[in-house]
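Structure first, commentary second.
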Amino acid sequence: MPAQVHVPSLFARVGTASALTLAVTSTMLAPGLVSDAEAATHSTKALKVAASKKGAPYKYGAAGPHRFDCSGLTVYSFKKVGKKLPRTAQQQYNKTRHIGKSQRKRGDLVFFHSGRSVYHVGIYAGNGKIWHSPKSGDVVRLAKIWSKSVWYGRVR
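Numbering of the sequence shown is given in the numbering used here, commencing with residue -16 and proceeding in unit increments.
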């Protein structure tokens, strides 16, 4: 049975996003609708928050609501759904439940690392893509995971 979308509750969860943003975001997050159970999770809600920030400029040390660095975007997105994360990507990795690639789900955190050091984080959007705030001069956007040097973490 297909999942039903209740537009008023979808608007309430996303906040000030426009109908166009909702239409585009829903398509990017899930070509087929996600189940009601998955949509109810804090991670999926945080993913929607991050997606609603598409185009927000990168700024080192910023945690929203209009500018973000990578870990600032994850802090902001999870805070909006009632979950507290530490400030840096490394601290976030240390705080999450580590999972394997085969266990990853939409809304899990994707940590990019060099050796044992985490240097970047994004929120898994499915289909090998993440929402993230990449670097100075760039904006929050959906991107393909570009490295095999990634770890996955689930916010508890």
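Idealized CB from N, CA, C, for every residue including glycine.
Quick caveat, the model's predicted, so the values are computed rather than measured.
Along the chain, where does the beta strand (DSSP E) containing residue i start, and where does it finish?
i: residue 140; result: Outside the displayed range of the chain (-16 to 139) lies residue 140, so it cannot be described from this structure.
i: residue 112; result: 112 to 115
i: residue 43; result: Taken as a continuous stretch (DSSP letters only), residue 43 belongs to no beta strand (DSSP E), as it is neither H nor E.
i: residue 100; result: 100 to 109
i: residue 97; result: 92 to 97
i: residue 87; result: Looking at the DSSP string, residue 87 is not in any beta strand (DSSP E), and its letter there is neither H nor E.
Could you check what DSSP says for residue i in three-state terms: helix, strand or coil?
i: residue 120; result: coil
i: residue 136; result: strand
i: residue 130; result: coil
i: residue 79; result: coil
According to the Cβ coordinates, are residue i and residue j closer than 8 Å?
i: residue 95; j: residue 133; result: yes
i: residue 109; j: residue 80; result: no
i: residue 36; j: residue 123; result: yes
i: residue 152; j: residue 112; result: The structure shown has nothing for residue 152, since the chain only spans -16 to 139.
i: residue 87; j: residue 102; result: no
What distance in whole Å lies between the Cβ atoms of residue j and residue i, which are believed to be in contact at a cut-off of 8 Å?
i: residue 225; j: residue 29; result: The requested residue 225 does not occur in the structure, where the chain is confined to residues -16 to 139.
i: residue 138; j: residue 26; result: 6 Å
i: residue 73; j: residue 97; result: The Cβ separation is near 11 Å, so there is no contact.
i: residue 135; j: residue 92; result: 7 Å
i: residue 49; j: residue 39; result: 6 Å
Starting from residue i, follow the alpha helix (DSSP H) in both directions and report where the run begins and ends.
i: residue 64; result: That residue, residue 64, is in no alpha helix (DSSP H); it is neither H nor E in DSSP.
i: residue 26; result: 25 to 35
Counting pairs of Cβ atoms below 8 Å between the segment 109 to 120 and the segment 48 to 55, do you hit three or more? Yes, the segment 109 to 120 touches the segment 48 to 55.
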